[in-house]
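For the sequence shown, the positions run 63 to 364 when our numbering is used.
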Amino acid sequence: MRFRTLRELTDICEREGLRISELMVQDQASESGRAPEAERETMLQYYRVMKEAVRRGLTEDTTSRSGYTGGDAQRVMQWMSREQPSSGNWSATAMAYALAVSEVNASMGRIVATPTAGSCGIIPGVFVSSQERFGWEDDTLADGLFAAGAIGYVIANNSFISGAEGGCQAEVGSAIGMAAGALVELRGGTPAQAAHAVGLALKNTLGLICDPVGGLVEIPCIIRNGLGAVNALAAADMALAGVRSVIPSDEVIGVMYEVGSAMPEKHRETAKSGLATTPTGKRIMEELRSRKRTAAREEDDE
C-alpha cells in the first residue's frame, strides 16, 4: 500500500483527486496482481454475504448454542413496528441490523469479519440500513467496503484490531471508526472528513475492555455491536457537519495502541474480569462448565 497513516491516505487522495475507495482499489489490485474489476467483484460478494446475514438475523432462529443470546434483533424490529424509537427510526434500524448479524455469528452462521467476528455487525448494520435509506446500489456499498478496508488497514498497522491484544476498543472501536469513515465517503464527504470521523469514533471507545462472559462472543459483544452502529452514524454526521477531531485521528490511533498495551491482561478477552466475573457472569460460566461435564460423561457412557 502507498499509505500507512490516515494523513498519508488523505494526502494522496487529495493530490490525485481520488476517493479513499478508489485509491484502495488501485493499491489492492497492484498488490494482488488482479484487475480492479475483479477486486470489486470480490468485495461485492462480501457485501452480499453481509446483507444475507442481516436477513437471516431478522427472519430465522438465531439462538446461540449456549442458549443465552438470540432473537434480540427481531425483538427490536417488532417493537419498532409499534413504537417510535427514542433514537430515531434509522438509528434503531442500524442497531437492529447490527444485532442481527452478531446473532448470526453467535449461532454459527456465515458472516464477514469486519475487522473481526466479534465486531462483525457494525459495518453491515450501518451499510445495509443506509442503503435502504438512500437507495444506493450494491456496487456503491462494495466501494464503501474498500474505504472501510483502507481505514482498517491503517488501524491494524498502527494499533490493534484484536481484543486479545488491545481490548474491545480494538474490535468494536475499530469497526465503528471504519463504518463512520466509510459512511462519510458514501454520503459525499471528503477524505479529510472521513478521517475526522475515524478520530471522533475512536475517541468514544478508548479503554473499552474485552470481557466476554463465559469466553463466548455473545455477552456483551452482541449488544456492543448494536450500540456501535449508532455511534458510527453519529460520528459520520458530526464529521459531515464540519466537526473535526481536534486530536488528529492518527494520534488517536496511537493512543488506542498505548491504552491497549497498558491494559491488564485480564481485560483482554480472557473472561477473567469485567462483566465475565460479575455474580451473573460467574453463574453462566459454571452452567456452561456443567453442561460440558455432562456432555463428556454421556460421551464416555456411549
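A virtual CB, placed ideally from N, CA and C, is assigned to each residue, including glycine.
Backbone secondary structure at residue i - three-state DSSP
i, result
"Arg330", "strand"
"Cys230", "helix"
"Ile213", "helix"
"Trp198", "coil"
"Phe222", "coil"
"Gln136", "helix"
"Glu280", "coil"
"Met63", "coil"
"Arg102", "helix"
"Arg123", "First, the amino acid is wrong: residue 123 is Asp here, not Arg. It is coil, neither helix nor strand."
"Thr339", "helix"
"Gln90", "helix"
"Arg81", "coil"
"Cys182", "coil"
"Tyr109", "helix"
"Gln255", "helix"
"Ile309", "coil"
"Tyr319", "helix"
"Val292", "helix"
"Ile285", "helix"
"Ala303", "coil"
Separation of residue j from residue i, as counted between CA atoms
i, j, result
"Thr340", "Ile315", "30 angstroms"
"Met157", "Arg64", "34 angstroms"
"Glu227", "Pro310", "23 angstroms"
"Gly290", "Val234", "7 angstroms"
"Val317", "Trp141", "39 angstroms"
"Tyr319", "Val308", "18 angstroms"
"Met300", "Arg306", "8 angstroms"
"Ala357", "Asp123", "23 angstroms"
"Tyr8", "Glu364", "This structure cannot speak to residue 8, because the chain is shown only from 63 to 364."
"Val260", "Glu114", "27 angstroms"
"Leu207", "Glu361", "45 angstroms"
"Ala338", "Glu280", "11 angstroms"
"Ser164", "Gly129", "14 angstroms"
"Thr53", "Val321", "Since the first residue of the chain shown is 63 and the last is 364, residue 53 is not available in this structure."
"Leu302", "Ser352", "51 angstroms"
"Gln193", "Ala204", "11 angstroms"
"His329", "Ile238", "20 angstroms"
"Ile271", "Ala296", "22 angstroms"
"Glu70", "Arg345", "49 angstroms"
"Gln88", "Ser335", "44 angstroms"
"Met86", "Ala209", "7 angstroms"
"Asn219", "Pro177", "13 angstroms"
"Thr332", "Gly95", "39 angstroms"
"Ala298", "Pro253", "12 angstroms"
"Thr202", "Met112", "14 angstroms"
"Gly343", "Ile284", "15 angstroms"
"Ile217", "Ile223", "7 angstroms"
"Ala97", "Gln90", "9 angstroms"
"Arg127", "Ala232", "26 angstroms"
"Thr131", "Ser153", "22 angstroms"
"Pro326", "Gly269", "11 angstroms"
Residue i classed as buried or exposed, judged by whether at least 16 other C-beta atoms fall within 10 angstroms
i, result
"Asp200", "exposed"
"Met170", "exposed"
"Thr121", "exposed"
"Asp134", "buried"
"Asn167", "buried"
"Gly250", "exposed"
"Phe196", "exposed"
"Ile118", "Note that residue 118 corresponds to Arg in the displayed sequence, not to Ile. Looking at its Cβ environment, which holds 16 or more other Cβ atoms inside 10 Å, Arg118 is buried."
"Ser221", "buried"
"Thr155", "buried"
"Arg359", "exposed"
"Glu247", "buried"
"Arg81", "buried"
"Ser92", "exposed"
"Asn151", "exposed"
"Ala263", "buried"
"Glu145", "exposed"
"Glu101", "buried"
Opposing strand residues paired with residue i [DSSP bridges]
i, result
"Cys272", "Arg330"
Near the ligand MG: residue i beta-carbon under 8 angstroms from a heavy atom
i, result
"Glu145", "You won't find the ligand MG in this model; it holds no ligand whatsoever."
*If we count Cβ pairs, one from each stretch, closer than 8 angstroms, do we get three or more for the segment 279-295 versus the segment 159-179?*
Under the three-pair Cβ rule at 8 angstroms, the segment 279-295 counts as touching the segment 159-179.
*asked:* Is it the case that the segment 72-86 contacts the segment 173-183, given that we only count it when at least three CB pairs across the two stretches are under 8 angstroms?
replied: Using a Cβ-Cβ distance cut-off of 8 angstroms, the segment 173-183 and the segment 72-86 are not in contact, since fewer than three pairs of beta carbons, one from each stretch, lie closer than that value.
*asked:* For the structure I just gave you, are there three or more beta carbon pairs, one from the segment 209-221 and one from the segment 238-257, closer than 8 angstroms?
replied: Counting C-beta pairs with one atom in each stretch, the segment 209-221 and the segment 238-257 have three or more that are closer than 8 angstroms, which means they touch.
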